[in-house]
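Since the structure comes first, as structure tokens, the remarks are kept for the end.
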Amino acid sequence: MRIALATCSDLPAWEVDDRPLRAALAGRGVEVAEPAWDDPAVDWGAFDACLIRTTWDYMERWEAYVDWAERVAGLTRLFNPAAVVRWNTDKRYLERLAEAGLPVVPIVRLARGSRPPLARWMAERGWSRGFIKPRIGATSRETLRFDADAAGLAAASQHLERLLAREDALLQPYLASVETAGERSLVFLDGRFSHAVRKLPPPGDYRVQDDFGASDEPVAPEPAELELTARAVALAEKVTGSGPLLYARADFLRDDAGAPRFTELELVEPSLFFRHAPAAAGRLADALLRRIATAERRAGAGAGLGAPASPAAAERVS
């Protein structure tokens, strides 16, 4: 059994959260490789499956990344599937969650090449602080928090002038609870809740990633968070036609009333915080191997009826 854990060529040396997953797979007799997603020399068809993990440099090459996922899905089993990659790496998916009645931090879409009237829009919505992020983004790339005063609006306008010259962006209210309560992340594996963490930014910051010195700790999930995550995952499965997802992570902030609101539903390359739940790595490894075995049985049954049995021709189980 050979499994690729897709990564990127410039992964930070301090990123070690997947070590328990590599160990769990190796302990189950799996040969593990970690090829960069954009390495043209990789033979993806030589793997029994590809699990997307730390492909954290695709944001400015989104179309190439989506094309890669679709190509790999034609050569081996891809988790999560290519349709999920296309849907979930474009933050317009948050609008779909909101349309379905899920509590998402409000969004105003800003089109590439536009000159949005920030002051008017902020005033109309009663937002005293704003937050900008690109439509395709991760690891707080090109994000900005700002106050709706003269200085803050001027800085935000300059930021948007540069950003919107090349890509779409999103405008949201800034939820200051991230600085005190932090952002809470719930991890689901094979359709079941696994564990949750709370991420806290450094003092005075809003960014909750390791890259910026944030800290994190295990927490117990709240019933509302569990219910909302299950609804969001079910919606994603329906919209993409993916079937049950192998993994998912839901991120929440508290609004001014203290209610949870989605900031992200991460279905492609999220950190799964195995450092706080090492046993979860074994659960993911087992779920992945079960899916591969199921796919192979189905492919074998098809081959018995005269259908091809190669990984590229086998049904992809997601």
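Numbering (the numbering used here), first residue to last: 1080 to 1397. Glycine included, every Cβ here is placed at the ideal spot set by N, Cα and C.
A residue is called buried when at least 16 other Cβ atoms come within 10 angstroms of its Cβ; residue 1251 meets this threshold and is buried.
Beyond the five residues adjoining it in sequence on each side, residue 1093 comes within less than 8 Å, by CB distance, of 1289 in the same chain, given in chain order. Annotation: the region 1190-1239 contains the following complete segments of the alpha helix (DSSP H) (minimum length 4 residues), in chain order: 1197-1204. Using a 10 angstroms sphere on the CB of residue 1369, the tally of other CB atoms stays under 16, which defines it as exposed. Secondary-structure assignment with DSSP links residue 1087 through no beta bridge to anything. Taken through DSSP and simplified to helix, strand or coil, residue 1359 comes out as helix. Contact between the region 1231-1241 and the region 1251-1270 is absent: fewer than 3 CB-CB pairs across the two stretches fall below 8 Å. Residue environment: residue 1291 is assigned as exposed (fewer than 16 neighbouring CB atoms within 10 Å of its CB, all protein chains considered). One alpha carbon belongs to residue 1305, the other to residue 1085, and they sit about 28 Å apart.
Taking the Cα positions, residue 1171 is about 37 Å away from residue 1109. Residue 1101 sits buried, since 16 or more C-beta atoms from the chains shown fall within 10 Å of its C-beta. Taking 8 Å as the cut-off, the beta carbon of residue 1213 is found no closer than this to the beta carbon of residue 1178. Secondary structure note for residue 1162: its alpha helix (DSSP H) is the uninterrupted segment 1161-1167.
Out of 1173, 1187 and 1188, the CA that lies nearest to the CA of residue 1181 is found in 1173.
For residue 1302, the enclosing alpha helix (DSSP H) has its first and last residue at 1302-1319. By the neighbour-count criterion, in which a residue is buried when 16 or more other Cβ atoms sit within 10 angstroms of its Cβ, residue 1209 is buried. In this structure, the CA atom of residue 1197 is about 21 Å from the CA atom of residue 1342.
In the structure shown, residue 1285 falls within a coil segment according to DSSP collapsed to helix, strand and coil. Rounded to whole angstroms, the separation of the alpha carbons of residue 1358 and residue 1249 is 37 Å.
Contact between residue 1272 and residue 1326 is absent: CB atoms are separated by about 12 Å, not below the 8 Å threshold. Spatial neighbours of residue 1169 in its own chain (CB-CB distance under 7 Å, excluding positions within 5 residues in sequence) are listed in chain order as 1214 and 1215. The continuous beta strand (DSSP E) containing residue 1156 extends over residues 1156-1158. For residue 1346, the CB contacts under 7 Å within the same chain, skipping 5 residues up- and downstream, are 1159, 1163, 1167, 1315, 1324 and 1327 in chain order. Residue 1119 is classed as exposed because its beta carbon has fewer than 16 other beta carbons within 10 Å across all chains shown. The C-beta separation of residue 1364 from residue 1157 comes to about 17 Å, leaving the pair out of contact by the 8 Å criterion. Rounded to the nearest angstrom, the gap between the Cα atoms of residue 1298 and residue 1352 is 12 Å.
Here residue 1097 is not bridged, per DSSP, to any residue. The beta carbon of residue 1296 sits closer than 6 Å to the beta carbons of 1277 from its chain, once the five residues preceding and following it are set aside; these are given in chain order.
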